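In this note's numbering, the protein residues as written are 2 to 427. Structure record follows, encoded as structure tokens.
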Ligand code: UDX
Ligand code: UDX
């Protein structure tokens with residue numbers, strides 16, 4: 002099929018590449034010309050394992066990028082929308098981009114004869130598709146949803162760092178339709194016909210809520226294991242063994258039980274804040290979700306407490322390994338590592354920094370720190386080392402006798418831990 006993907010960021014570009022790999026003809030649309038040019042030069046504008054290689058395969062064959070949304074809508078049958086839906090300062094979801102794109106699509110549909118299916122992938126609060134997207138498209142196109150164009154809400158569940166594999170092997174596909182719109186449903190299901198995972202058909206609001214409930218549950222599971230970790234630390238009990246014992250219970254499961262300096266990224270904090278804001282607006286106080294955020298906000302400062310315990314907050318050279326919110330990505334959005342750096346800038350320490358892929362982004366925020374091209378150089382320049390993101394290479398360094406404080410549980414069971422090692426909450 003001919004498919005356009007509007008907004009090719011971390012989610013949109015992976016979705017577009019996956020669709021091209023499935024032999025669809027894909028047009029990536031973005032307002033960011035630099036991104037568009039990079040993609041057309043077979044170069045990924047973001048770091049995501051396997052994405053560069055896949056773009057080499059499909060760009061020029063059945064994937065291209067453009068800033069011309071009108072041309073894309075006129076020449077494709079389906080449009081996936083994955084523009085950003087960030088948080089406003091109070092936590093409320095910011096739908097400016099979504100509204101703008103909905104209006105642009107409506108204007109093109111005004112002159113398009115054939116049926117067009119819109120698939121919303123951006124994370125939106127329940128009710129957004131019905132109350133915002135559909136009315137804007139109808140108003141600007143003069144057409145009627147279901148009769149003249151289709152709308153589906155199909156949230157994404159991609160994890161950065163494994164987004165390609167998650168998009169090709171999802172646990173489930175959720176397809177939310179309006180008023181049992183069979184036509185739209187069958188068109189989208191045809192794209193996923195060779196996927197061997199459950200396809201759950203819901204209404205629009207259920208699909209929107211499945212995304213929020215899933216993300217806020219996962220975030221709550223992390224704040225839970227971090228809280229258990231903080232208690233275990235005080236009890237000198239190994240949290241990782243406790244997590245292993247918990248995970249053997251099928252009702253709990255082994256995933257998302259790695260304690261650390263807290264979750265970051267562009268999704269968990271944003272989605273928690275948006276759901277808390279909406280619930281509060283509706284007159285309900287989401288105490289558990291607030292507590293999840295509160296535990297997470299404090300977690301990075303456990304690193305500072307540990308440094309204080311080791312008397313390493315005064316006149317020390319501190320090595321920092323990892324700047325991103327998790328390993329295998331260049332995304333620094335809501336990264337706990339940046340919270341640690343901000344706190345250390347208030348102390349009497351000198352910082353030495355390395356990250357495999359994201360230093361260029363952090364240099365624009367903290368230009369005056371000592372950035373090192375090699376992780377070992379940071380170790381060699383420092384009195385102690387903080388590991389703040391999960392990069393496998395950090396388990397292969399020669400830490401000599403230096404104190405290593407691990408905020409991300411990077412040393413798996415098989416890895417040889419540094420001589421002088423401490424986990425943030427294990
Ligand atoms: C986005 C949403 O933020 C998130 O809620 C959803 O779950 C998945 O899609 P992400 O891909 O991380 O997440 O967003 P981002 O990396 O910021 O990419 C958004 C892209 O949309 C950017 O490339 C931006 O240039 C583009 N965009 C934004 C447009 O093309 N048009 C617009 O009008 C606005
Ligand atoms: C998350 C959801 O997993 C995904 O389904 C959704 O589509 C987008 O948000 P992402 O934020 O990209 O994906 O990465 P994820 O692997 O979920 O990690 C989120 C944060 O939790 C990272 O900071 C990571 O370091 C942390 N984490 C994850 C832990 O601290 N411990 C764990 O066991 C797992």
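Idealized CB from N, CA, C, for every residue including glycine. No experiment lies behind these values; they were computed from the predicted model shown.
Leaving out the 5 sequence neighbours to the left and right, which residues in its chain are closer than 8 Å to residue i when beta-carbon positions are compared?
i           : result
residue 346 : 352 and 367
residue 421 : 400, 402, 403, 404 and 405
residue 228 : 296
residue 276 : 126, 213, 217, 287 and 290
residue 306 : none
residue 102 : 7, 8, 70, 82 and 84
residue 135 : 146, 152 and 179
residue 254 : 248
residue 131 : 179, 205 and 206
residue 22  : 55, 58, 59 and 169
Find out if the Cβ-Cβ distance for the pair residue i, residue j is shorter than 8 Å.
i           : j           : result
residue 356 : residue 350 : no
residue 82  : residue 7   : yes
residue 183 : residue 152 : no
residue 395 : residue 323 : yes
residue 241 : residue 392 : no
residue 412 : residue 418 : yes
residue 49  : residue 313 : no
residue 32  : residue 9   : no
residue 318 : residue 382 : yes
residue 247 : residue 258 : yes
residue 144 : residue 110 : yes
residue 1   : residue 107 : The displayed coordinates of the chain run from 2 to 427. Any statement about residue 1 would go beyond what the structure contains.
residue 206 : residue 128 : yes
residue 14  : residue 47  : yes
residue 230 : residue 203 : no
residue 360 : residue 192 : no
residue 338 : residue 390 : yes
residue 36  : residue 60  : no
Can you give the beta carbon distance from residue i to residue j, rounded, assuming they're within the 8 Å contact cut?
i           : j           : result
residue 265 : residue 326 : 3 Å
residue 220 : residue 11  : Residue 220 to residue 11, Cβ: 18 Å. No contact.
residue 155 : residue 208 : 7 Å
residue 86  : residue 123 : 5 Å
residue 126 : residue 279 : 5 Å
residue 1   : residue 387 : No information on residue 1 is available, as it lies outside the stretch 2 to 427 that the chain covers here.
residue 159 : residue 167 : 5 Å
residue 274 : residue 98  : Between residue 98 and residue 274 the Cβ distance is about 17 Å, and since that is not below 8 Å, they are no contact.
residue 425 : residue 304 : 6 Å
Enumerate in chain order the residues of its own chain whose CB-to-CB distance from residue i is below 7 Å, with the five nearest sequence positions on each side excluded.
i           : result
residue 398 : 376, 377 and 380
residue 100 : 133 and 137
residue 162 : 50, 327, 328, 329 and 330
residue 272 : 124, 213, 216 and 217
Whose C-beta lies closer than 6 Å to the C-beta of residue i among residues of the same chain, with five residues either side of it excluded?
i           : result
residue 354 : 321, 370 and 372
residue 261 : 408, 409 and 410
residue 188 : 118
residue 270 : 335
residue 384 : 317 and 318
residue 416 : 396
residue 185 : 118, 151, 153 and 178
residue 105 : 70
residue 45  : 52, 53 and 56
residue 315 : 349
residue 115 : none
With respect to 7 Å, is the separation between the Cβ of residue i and the closest non-hydrogen atom of ligand 4 below this value?
i          : result
residue 48 : For the structure depicted, ligand 4 is absent and the ligand set comprises only ligand 1 and ligand 2.
- Task: Would you check if there are 3 or more beta carbon pairs closer than 8 Å linking the region 282-299 to the region 223-241?
- Result: yes
- When the Cβ atoms of the region 43-62 are set against those of the region 93-110, are three or more pairs found closer than 8 Å? They do not touch, by the three-pair rule.
- Message: Closer than 8 Å is the cut-off here; do at least three beta carbon pairs connect the region 64-75 with the region 17-31?
- Response: yes
- Along the chain, which unbroken stretches of the alpha helix (DSSP H) at least 4 residues long are found entirely within the region 150-175? 164-169
- Those runs of the alpha helix (DSSP H) which lie wholly inside the region 348-398 and span at least 4 residues: 360-364 and 376-382
- Ordered list of alpha helix (DSSP H) runs contained in the region 98-146, each at least 4 residues: 135-142
- Query: Quick one: complete beta strand (DSSP E) runs, 3+ long, within the region 36-110?
  - Reply: 64-67 and 79-82
- Message: Under 8 Å: do the region 169-179 and the region 196-213 share three or more Cβ pairs, one atom per stretch?
- Response: The region 169-179 is in contact with the region 196-213.
- At what residue ranges does the region 182-266 contain a whole run of the beta strand (DSSP E), taking only runs of 3 or more? 200-204
- Of all the beta strand (DSSP E) runs that stay within the bounds of the region 303-334, which reach a length of 3 or more residues? Qualifying beta strand (DSSP E) stretches, in chain order: 315-322.
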